[in-house]
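Novice:
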Amino acid sequence: MFPLKRLRRLRKNETIRRMVRETRLSPDNFIYPLFVTYGKGIRKEIPSMPGCYQESVDKIVKHSKEIYSLGIPSVILFGIPEHKDEKGSSAYDEHGVVQKAIKAIKNAVPELYVITDVCMCEYTSHGHCGIIKNGDVDNDLTLEILAKEALSHVNAGADMVAPSDMMDGRVKAIRSLLDSEGFGAIPIMAYSAKYASSFYGPFREAAESTPQFGDRRSYQMDPANRIEALREVELDIEEGADIIMVKPALSYLDVISDVKQTFNLPVAAYNVSGEYSIIKAAAKLGWIDEKRMMMEVLTSIKRAGADIILTYFAKDAAKILND
Ligand code: PBG
Numbered sequence: 004m005f006p007l008k009r010l011r012r013l014r015k016n017e018t019i020r021r022m023v024r025e026t027r028l029s030p031d032n033f034i035y036p037l038f039v040t041y042g043k044g045i046r047k048e049i050p051s052m053p054g055c056y057q058e059s060v061d062k063i064v065k066h067s068k069e070i071y072s073l074g075i076p077s078v079i080l081f082g083i084p085e086h087k088d089e090k091g092s093s094a095y096d097e098h099g100v101v102q103k104a105i106k107a108i109k110n111a112v113p114e115l116y117v118i119t120d121v122c123m124c125e126y127t128s129h130g131h132c133g134i135i136k137n138g139d140v141d142n143d144l145t146l147e148i149l150a151k152e153a154l155s156h157v158n159a160g161a162d163m164v165a166p167s168d169m170m171d172g173r174v175k176a177i178r179s180l181l182d183s184e185g186f187g188a189i190p191i192m193a194y195s196a197k198y199a200s201s202f203y204g205p206f207r208e209a210a211e212s213t214p215q216f217g218d219r220r221s222y223q224m225d226p227a228n229r230i231e232a233l234r235e236v237e238l239d240i241e242e243g244a245d246i247i248m249v250k251p252a253l254s255y256l257d258v259i260s261d262v263k264q265t266f267n268l269p270v271a272a273y274n275v276s277g278e279y280s281i282i283k284a285a286a287k288l289g290w291i292d293e294k295r296m297m298m299e300v301l302t303s304i305k306r307a308g309a310d311i312i313l314t315y316f317a318k319d320a321a322k323i324l325n326d
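In the numbering used here, the protein residues as written are 4 to 326.
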């Protein structure tokens with residue numbers, strides 16, 4: 004009771020604040036997303052994502068060394084292929100950009116843990132995350148192709164695969180194929196609760212994966228739903244997911260918290276492109292303190308319950324944390 008209880012006592016200086024701090028960020032928590040493109044010597048900055056690049060394999064290898072030297076343990080790869088078609092066939096091409104990048108990275112920096120995004124949207128001419136039938140993405144036709152894509156990544160040396168398409172049953176389809184091909188030890192990180200979000204805008208510019216018609220609302224979740232996220236996560240766990248993800252992060256901290264409290268698997272959260280771009284843009288205008296806002300945002304995602312954070316801020320944050 005006041006004045007016997009004064010919570011300000013433990014806020015007096017940085018030393019005591021450091022001692023009672025509840026949430027601690029570390030570069031160990033980060034996965035850094037990379038965009039692999041075809042060609043050689045290419046490193047093209049993404050206009051809406053300053054500090055992020057589309058890079059050819061040779062440049063990605065150099066970049067991967069820098070990432071690992073900052074203490075970041077892992078990257079997730081997205082591909083920008085030379086050819087797109089209706090069925091996204093370059094997604095499982097053994098000579099595809101992602102497959103080449105995996106081999107080159109694992110060769111140059113074997114300790115760097117290479118995760119791949121498994122989805123069709125970067126490889127289809129229509130930009131949707133699966134095979135189109137009667138004007139919509141056909142769930143079951145897509146499963147087989149996703150499993151083939153995942154297998155081709157693992158064959159190239161990927162350490163983990165991360166399906167992001169939101170088809171029903173894809174974790175099981177991928178798990179079954181990997182197991183039957185002798186890859187029972189490769190984990191799956193499922194984008195389990197992935198919402199149909201406006202925060203993906205800059206990524207679609209980066210990955211050249213904007214849908215050419217319609218939107219993704221027939222497969223990604225309605226931003227208004229919270230209980231449904233638990234059903235999505237539960238099913239992915241039943242199908243064999245090893246890590247479950249909530250995406251985006253900032254507008255869905257309640258979902259991250261629910262998932263963490265309900266299930267006992269590691270939880271990942273994707274601090275997506277729009278969440279990155281709005282901070283970068285405001286910083287450019289001189290309206291905010293970029294570094295403080297970045298650290299506050301990342302701390303809030305961890306505080307909500309995320310064990311792992313996929314973030315374009317990984318390098319900038321690691322530099323601060325390593326200081
Ligand atoms: C592929 C995919 C997307 C993102 C990750 N994987 C885009 C989408 O679903 O449209 C978004 C990542 C980001 O915005 O940073 N399906």
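Even glycine gets a Cβ: it sits at the ideal position worked out from N, Cα and C.
#1: Can you name, in chain order, every residue of its own chain whose Cβ lies under 6 Å from the Cβ of tyrosine 35, other than the five neighbours on each side?
#2: Any idea what DSSP makes of aspartate 31, helix, strand or coil?
#3: Determine whether the beta carbon atoms of threonine 119 and isoleucine 108 lie at a separation below 8 Å.
#4: Does the ligand PBG have a heavy atom nearer than 7 Å to the CB of cysteine 124?
#5: Is arginine 207 helix, strand or coil when you go by DSSP?
#6: How big is the Cα-Cα spacing for valine 270 and histidine 129?
#7: Assuming lysine 136 and leucine 144 make a contact with CB atoms under 8 Å, what is their CB distance in whole Å?
#8: Determine, using beta carbons only, whether aspartate 168 and methionine 123 come nearer to each other than 8 Å.
#9: Exposed or buried, which one is methionine 224 when buried takes at least 16 other CB atoms within 10 Å?
#10: Compute the Euclidean distance between the alpha carbons of tyrosine 190 and arginine 178, then round it to the nearest angstrom.
#11: Pick from Tyr41, Asn110, Leu73 and Leu10: whose alpha carbon is nearest that of serine 93?
#12: According to the Cβ coordinates, are isoleucine 83 and glutamine 102 closer than 8 Å?
#13: Which runs of the beta strand (DSSP E) spanning at least 3 residues fall entirely within the segment 12-58, listed in chain order?
#14: Report the rounded CA-to-CA distance for phenylalanine 186 versus alanine 286, giving the unit in angstroms.
#15: Taking one C-beta from the segment 213-223 and one from the segment 241-248 each time, how about it: are there three or more such pairs within less than 8 Å?
#16: With distances taken from CA atoms, which of Ala161, Arg12, Tyr126 and Ser280 is nearest isoleucine 49?
#17: At the level of alpha carbons, what is the spacing between serine 260 and tyrosine 198?
#18: Answer yes or no: the CB of aspartate 120 versus the heavy atoms of the ligand PBG, is any distance below 7 Å?
#19: Taking a contact to mean a Cβ-Cβ separation below 8 Å, would you say serine 276 touches tyrosine 194 in this structure?
#20: Between lysine 250 and asparagine 228, what straight-line distance do the alpha-carbon atoms span, to the nearest angstrom?
Specialist: By the coordinates alone:
#1: Ile70, Ile75, Val78 and Ala317
#2: helix
#3: no
#4: yes
#5: helix
#6: 32 Å
#7: 6 Å
#8: yes
#9: buried
#10: For the sequence presented, residue 190 should be read as proline rather than tyrosine. Taking the straight line joining both Cα atoms gives about 9 Å.
#11: Tyr41
#12: no
#13: 33-40 and 46-49
#14: 45 Å
#15: no
#16: Ser280
#17: 16 Å
#18: yes
#19: no
#20: 13 Å
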